[in-house]
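Here's the structure, in structure tokens; my notes come after.
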Amino acid sequence: MILDKKHELERKLFRQFAETEFTKELQDRLDETGEFDWDMHRKMARYGFMGVRIPRELGGAGGDYLSYALLIEEFARVDAALSIYANTSNSLGGGPLMMAGTQAQKEKYLPQIASGEKIMVFALTEPGAGSDAGGTTTTAIADGDDFILNGRKTFVSGAPMADWCLVFAKTDLAAKGSRGISMFVVDLKLPGVSLGAPEKKMGINGYPTCDVVMEDVRVSKDCLVGPLHRGFSIAMRTLDGGRLGMAAQAVGIAQSCLDESVAYAKERKQFGQPIGNFQGISFMLAEMATEIEAARQLVYHAAELKDAGKDATMACSMAKFYAAETANRCAYKAVQIHGGYGYSKDYKVERLYRDARICSIYEGTSQIQEVVIAGQLLKK
Amino acid sequence: MTFNSMNLDEFHDVWVFAEQRQGELMPAVLELVSEGRKLADELHCELHAVLPGHDVDSLAVTLGGYGADKVLIYDHELLKNYRTETYTEVIAQAVEAFKPEILLFVASNIGRDLAPRCAARLHTGLCADCTHLDVDLGGYIDFLRKESSVDVDNTNFESKMFDVERNLKMTRPAFGGHLMATIVCPRFRPAMATVRPGVMKLREYSSEKAAAVQVEKPAFRLDESDVQTDIIEIVKSTRKQVDLIGADVIVSVGQGIARDVDKGLALAAELADELGGVLGATRAVIDNGWLSADHQVGQTGKTVRPKIYIALGISGAIQHKSGMQDSECIIAVNKAENAPIFEIADYGIVGDLFDVAPKLIEEFRKAKQ
Amino acid sequence: MKIIVTVKQVPDTTGKVSVKPDGTLDRASMETVTNPDDLNAVEAALQLKDQYGARVITVTMGPMQAESMLRELYAMGVDECVLVSGREFGGSDTYATSQIIAAAIDTIGLDEDDIILAGRQAIDGDTAQVGPQIAEKLHLPQVSYAAEITKEDDGLLIKRMLEDGYMMIKVKTPCLITCVKELNEPRYMSVQGIEDCFDKEIRILSYEDLKDHPLIDKTTIGLQGSPTNIYKSFTPPQKSAGRMLKGNAQETAAELAKCLAEKHLI
Chain E
1 MILDKKHELE RKLFRQFAET EFTKELQDRL DETGEFDWDM HRKMARYGFM
51 GVRIPRELGG AGGDYLSYAL LIEEFARVDA ALSIYANTSN SLGGGPLMMA
101 GTQAQKEKYL PQIASGEKIM VFALTEPGAG SDAGGTTTTA IADGDDFILN
151 GRKTFVSGAP MADWCLVFAK TDLAAKGSRG ISMFVVDLKL PGVSLGAPEK
201 KMGINGYPTC DVVMEDVRVS KDCLVGPLHR GFSIAMRTLD GGRLGMAAQA
251 VGIAQSCLDE SVAYAKERKQ FGQPIGNFQG ISFMLAEMAT EIEAARQLVY
301 HAAELKDAGK DATMACSMAK FYAAETANRC AYKAVQIHGG YGYSKDYKVE
351 RLYRDARICS IYEGTSQIQE VVIAGQLLKK
Chain F
1 MTFNSMNLDE FHDVWVFAEQ RQGELMPAVL ELVSEGRKLA DELHCELHAV
51 LPGHDVDSLA VTLGGYGADK VLIYDHELLK NYRTETYTEV IAQAVEAFKP
101 EILLFVASNI GRDLAPRCAA RLHTGLCADC THLDVDLGGY IDFLRKESSV
151 DVDNTNFESK MFDVERNLKM TRPAFGGHLM ATIVCPRFRP AMATVRPGVM
201 KLREYSSEKA AAVQVEKPAF RLDESDVQTD IIEIVKSTRK QVDLIGADVI
251 VSVGQGIARD VDKGLALAAE LADELGGVLG ATRAVIDNGW LSADHQVGQT
301 GKTVRPKIYI ALGISGAIQH KSGMQDSECI IAVNKAENAP IFEIADYGIV
351 GDLFDVAPKL IEEFRKAKQ
Chain G
1 MKIIVTVKQV PDTTGKVSVK PDGTLDRASM ETVTNPDDLN AVEAALQLKD
51 QYGARVITVT MGPMQAESML RELYAMGVDE CVLVSGREFG GSDTYATSQI
101 IAAAIDTIGL DEDDIILAGR QAIDGDTAQV GPQIAEKLHL PQVSYAAEIT
151 KEDDGLLIKR MLEDGYMMIK VKTPCLITCV KELNEPRYMS VQGIEDCFDK
201 EIRILSYEDL KDHPLIDKTT IGLQGSPTNI YKSFTPPQKS AGRMLKGNAQ
251 ETAAELAKCL AEKHLI
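Chains as they are written, first to last, in the numbering used here: chain E, 1 to 380; chain F, 1 to 369; chain G, 1 to 266.
Laid out in structure tokens, this is it:
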């Protein structure tokens, strides 16, 4: 795909911002402390990054999925954790409301999310329900005009900083599997809500993740997003867009692996010459570059389909599957090219290796993407 | 007599704008007077310094000592402190009255404010920030032979458009120092230039010339109605400015200190102290806020030519090189053996400045004992 | 209040610069950028706009390719972009350029409370001359090297940087101010700005539009008319490579000290 002028300029902005603002000091600090950087969050918000894909009338920039994918790719190319800062509001946080919210709900939540004043996160996974989201045990029981929520959500990215959380809970206890699940906006300051300790993760430090525990949390029926008992299909459709973003993130990480490797292969000398002169190294670079470009085109194509309003479920899963695996392969090769130095924290590839590892796990493992792709193939 | 900048024959003599601040001449004015002397000799004419200010008569002797034949003093209360509008008015009146052939300014913040304004009013050309000036064509060709990649023996220096022997040839860096251009102003007079401080060689002071200097106070018009700005205050920097231009030894740091800025700066400062030198830096260091702007060496900073220039962790971008490559002895320490700085270094050490600098301090200390 | 900002698209001399065998710059191989100091001027204008309300207009002279820069300025929040473009203007030196831009600004029109901002200097020529010369042509007061700009009742209070300190200067509007890097940190484009910038109009002022303006002297514009001409251009000398010292830190340091002592440099 050849980008049009507008998207080309957006890419320039995203790259300029990331390369200037995501300093090495900031990257190292986030990786070491795992703490969220509010200043960066606010700075991103000021330039409209939180609302790239949120409509203009709801306080966003009114961009499309392609703009969003470019944003995540370029940010992740410099720092994967910081790419998530501007991701949630445009995908799992803002996405379900854009798709299924009432006008009142959109007006209540989206402008504040787009401006960065508030953070909305997404809670689907439970200790016993990961890839099998249908195994959700959190419940929301109707009580007059309210619902009472009970249960535990785990690995909720961004929960420690969030104001609101989209919670998937069983509303029809008799329904089997993924049926009978509904989606609620839960204010995390409500009585009965508590947060677990931030997880100690392998990578993507600087965007904390923790459990959200609900004990008899009372929310009004205005907090129900989308039709009762039909929340799971919204979750799945939201995940399409989310997968697109995470695929873009994987492309960014993979590209960074390549950038670092090319620079190192030119600089590092062994046997009296730069190691890039050796085919063992140069072929790895060629493989990385080719796979990254293929992954990138899958991502852009999926974004184009979504922007055209076409069914993009399979395209998003293919992009996520291939880009995530590419990121992992590139990270492996990047460390290999760097040799012992790649195993040392002095070099960026050490962190890239850890950051890349999550790509094939979150927002649907690679295996789940294969299930989705195969399912599409076989249903016809 | 009306002033017409195209009547070339009416113009004669070389002029230097003698920039003073609070009654003190800017040091680079003396470099400019020295250079102006050379040009006046080549043109067989006089060198005059034009000196606007208030109570500045005493400066005339110094200007004479460095080569001025005559000093034109424009004394007025309103000229005590520099203002664009009053100084422009006075310089324009002076030029219109006496018609100098060449008019030079120091390329200081004041010279670069005043000169363009004067050139626009006088309807003539101005060349900014020159690093070399010639009238004599032979001298110019010699300069190119030594200081450029031009094949001078196979180059045509004649021009159908103007007299190449008489016109001032003003050479300056362009495009961040990647190119040098020699500019001429063939159709208008005076030919005007601002000249970069620190570049022109200072002549020896002559008490004989100083004693012989003529002083003239021409008539001029200036009143309150010429004033368009209010100077609320003038603040001299309390922190002592780094005298890069006068230093014999400069130890400069670049991006290489990024790993541990405080330690890198401390090492460089200690090394500079050991050699009685001062601390310089690349633009990147200044842009990162690690050192103040008066430390900057290079195209947008200062041009230096110390006896010893030590570059620590400086890759050698052309912008930096253009400001220091005339140093007598350049020593470069850099991790990357293909760093461009090594192309101009007299001595190169491939290594981490954090390892090498402490050893240099140690060895220099030993060598001095 | 209108704030007119003069801007220029320049080759990025901080990146890779290649020079053709004839000693001229290989512009085709270079990236173009908005001149860095000009972005400080644009930022200053946008800040004044944010604070007091103003219409920010940028004026540039250059080929039609300068459009890409103007789109970016729109995306930063500029209200109107004017492109002065004509073959007859090509090759102008600072004197000629300032004449043309002054005529363009006069065509846009200046009111009592208007301000003209310019960058200190452009990285291609580093002359710092066009700003003051525009002010002269328009008979306006100027303050160059501004590191702080504060709006007051009937004018501006400027912190004007000098090599050895600074001056605080009050100046009445309309006036021209040239801006240094220390003045501010230019903002980025916004996503919303980019979404809209390609739909905005760019006002073109051609040679035809300006040739009869009283500030234009047709004999002193363009390459032919410019008072200064390039006589020769060449690449600067490269000092030849010296000696690379071999060994570890201790050995090289000792060797260097010995060499310098022998040359009586220390």
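Yeah, the Cβ is synthetic: ideal placement off N, Cα and C, and Gly gets one too.
Determine, using beta carbons only, whether residue i and residue j come nearer to each other than 8 angstroms.
{"i": "R187(G)", "j": "M76(G)", "result": "yes"}
{"i": "E46(F)", "j": "K70(F)", "result": "yes"}
{"i": "L92(E)", "j": "Q105(E)", "result": "no"}
{"i": "S3(G)", "j": "I115(G)", "result": "The sequence shown places Ile at residue 3(G), rather than the Ser named in the question. Contact: yes."}
{"i": "V249(F)", "j": "K307(F)", "result": "yes"}
{"i": "G254(F)", "j": "V285(F)", "result": "yes"}
{"i": "V304(F)", "j": "G139(F)", "result": "no"}
{"i": "V7(G)", "j": "N35(G)", "result": "yes"}
{"i": "V156(E)", "j": "V212(E)", "result": "yes"}
{"i": "M40(E)", "j": "I113(E)", "result": "no"}
{"i": "H48(F)", "j": "D75(F)", "result": "no"}
{"i": "I341(F)", "j": "A311(F)", "result": "yes"}
{"i": "G298(F)", "j": "T228(G)", "result": "no"}
{"i": "L104(F)", "j": "F17(F)", "result": "yes"}
{"i": "F168(E)", "j": "A235(E)", "result": "yes"}
{"i": "Q249(E)", "j": "C359(E)", "result": "yes"}
Skipping 5 residues on each side, what residues in its chain have a beta carbon closer than 6 angstroms to that of residue i?
{"i": "T219(G)", "result": "G225"}
{"i": "K348(E)", "result": "E260"}
{"i": "A28(F)", "result": "V106, P197"}
{"i": "M1(E)", "result": "Y300"}
{"i": "N90(E)", "result": "V52, R53, Y68"}
Give every residue of the same chain whose Cβ lies closer than 7 angstroms to the Cβ of residue i, excluding the five residues on either side of it in the sequence, and list them in chain order.
{"i": "E212(F)", "result": "First, the residue type needs correcting, since residue 212(F) is Ala and not Glu in the sequence shown. For A212(F), where only same-chain residues beyond five positions count, the Cβ hits under 7 angstroms are G64."}
{"i": "F22(E)", "result": "V78, D79, L82"}
{"i": "A162(E)", "result": "I119, M120, V121, L188"}
{"i": "M362(E)", "result": "For the sequence presented, residue 362(E) should be read as Tyr rather than Met. Excluding residues within five positions, the ones whose Cβ falls inside 7 angstroms are M246."}
{"i": "L260(G)", "result": "I266"}
{"i": "G323(F)", "result": "V297, G298, Q299, G301, K302, T303, V304"}
Which same chain residues, not among the five before or five after residue i, have their C-beta less than 8 angstroms away from its C-beta?
{"i": "M284(E)", "result": "S261, K333, Q336, I337"}
{"i": "D226(F)", "result": "L78, E85, T86, E89"}
{"i": "E152(G)", "result": "K170"}
{"i": "H178(F)", "result": "I318"}
I think residue i touches residue j, with their Cβ atoms under 8 angstroms apart; what is that distance to the nearest whole Å?
{"i": "S426(F)", "j": "Y309(F)", "result": "Outside the shown range of chain F (1 to 369) lies residue 426(F), about which nothing can therefore be said."}
{"i": "A345(F)", "j": "I331(F)", "result": "6 angstroms"}
{"i": "S317(E)", "j": "Q369(E)", "result": "4 angstroms"}
{"i": "V56(G)", "j": "L46(G)", "result": "6 angstroms"}
{"i": "T171(E)", "j": "G151(E)", "result": "Between G151(E) and T171(E) the Cβ distance is about 12 angstroms, and since that is not below 8 angstroms, they are no contact."}
{"i": "G222(G)", "j": "S92(G)", "result": "6 angstroms"}
{"i": "V84(G)", "j": "T58(G)", "result": "Going by Cβ atoms, the distance from V84(G) to T58(G) rounds to 11 angstroms, so no, they are not a contact pair."}
Could you tell me if the beta carbon of residue i falls within a distance shorter than 7 angstroms of some heavy atom in the ligand GDP?
{"i": "G309(E)", "result": "In the structure on display, the ligand GDP does not appear, and there are no ligands present to speak of."}
Legend entry - Validate contact between the stretch 350-367 of chain F and the stretch 259-266 of chain F using beta carbons, cut 8 angstroms, 3 pairs: The stretch 350-367 of chain F makes contact with the stretch 259-266 of chain F; the number of CB pairs closer than 8 angstroms reaches 3 or more.
Legend entry - Inter-stretch contact (C-beta, 8 angstroms, three-pair minimum) for the stretch 291-304 of chain E and the stretch 239-254 of chain E: Segments in contact, yes.
Legend entry - Touching by the beta-carbon criterion (3+ pairs, under 8 angstroms), the stretch 31-42 of chain F and the stretch 124-137 of chain F: Output reads yes: the stretch 124-137 of chain F touches the stretch 31-42 of chain F.
Legend entry - Within 7 angstroms of chain G by C-beta, residues of the stretch 16-46 of chain E in sequence order: Answer set for the stretch 16-46 of chain E: Q16, F17.
Legend entry - chain E contacts from the stretch 174-199 of chain G (Cβ-Cβ distance under 7 angstroms): Cβ contacts with chain E come from Y188, M189, S190, V191, Q192, I194, E195, F198.
Inset, instruction - Below 9 angstroms between beta carbons is the criterion; list the residues of the stretch 54-73 of chain G that meet it against any residue of chain E, in chain order. - result: Listed by position, the residues of the stretch 54-73 of chain G near chain E (Cβ gap below 9 angstroms) are S68, R71, E72.
Legend entry - the stretch 199-207 of chain E contacting the stretch 169-179 of chain E, beta-carbon criterion three pairs below 8 angstroms: Because the criterion of three Cβ pairs below 8 angstroms is not met, the stretch 199-207 of chain E and the stretch 169-179 of chain E do not touch.
Legend entry - Cβ pair count under 8 angstroms reaching 3, the stretch 135-142 of chain G against the stretch 116-125 of chain F: Taking 8 angstroms as the limit for Cβ pairs, the verdict is that the stretch 116-125 of chain F does touch the stretch 135-142 of chain G.
Inset, instruction - Decide if the stretch 48-67 of chain G is in contact with the stretch 179-198 of chain G; the criterion is three or more beta carbon pairs, one per stretch, under 8 angstroms apart. - result: Contact fails: fewer than three Cβ-Cβ distances are below 8 angstroms.
Inset, instruction - Decide if the stretch 112-131 of chain G is in contact with the stretch 150-166 of chain F; the criterion is three or more beta carbon pairs, one per stretch, under 8 angstroms apart. - result: No: the two stretches stay apart, fewer than three of their Cβ pairs being nearer than 8 angstroms.
Inset, instruction - Report the residues of the stretch 59-76 of chain F with a CB closer than 7 angstroms to any CB of chain G, ordered along the chain. - result: Listed by position, the residues of the stretch 59-76 of chain F near chain G (Cβ gap below 7 angstroms) amount to none.
Legend entry - chain G contacts made by the stretch 201-217 of chain F, where a contact means CB separation under 7 angstroms: Correct list: empty, as no residue qualifies.
Legend entry - Three or more C-beta pairs below 8 angstroms linking the stretch 162-179 of chain G and the stretch 226-235 of chain F: The stretch 162-179 of chain G makes contact with the stretch 226-235 of chain F; the number of CB pairs closer than 8 angstroms reaches 3 or more.
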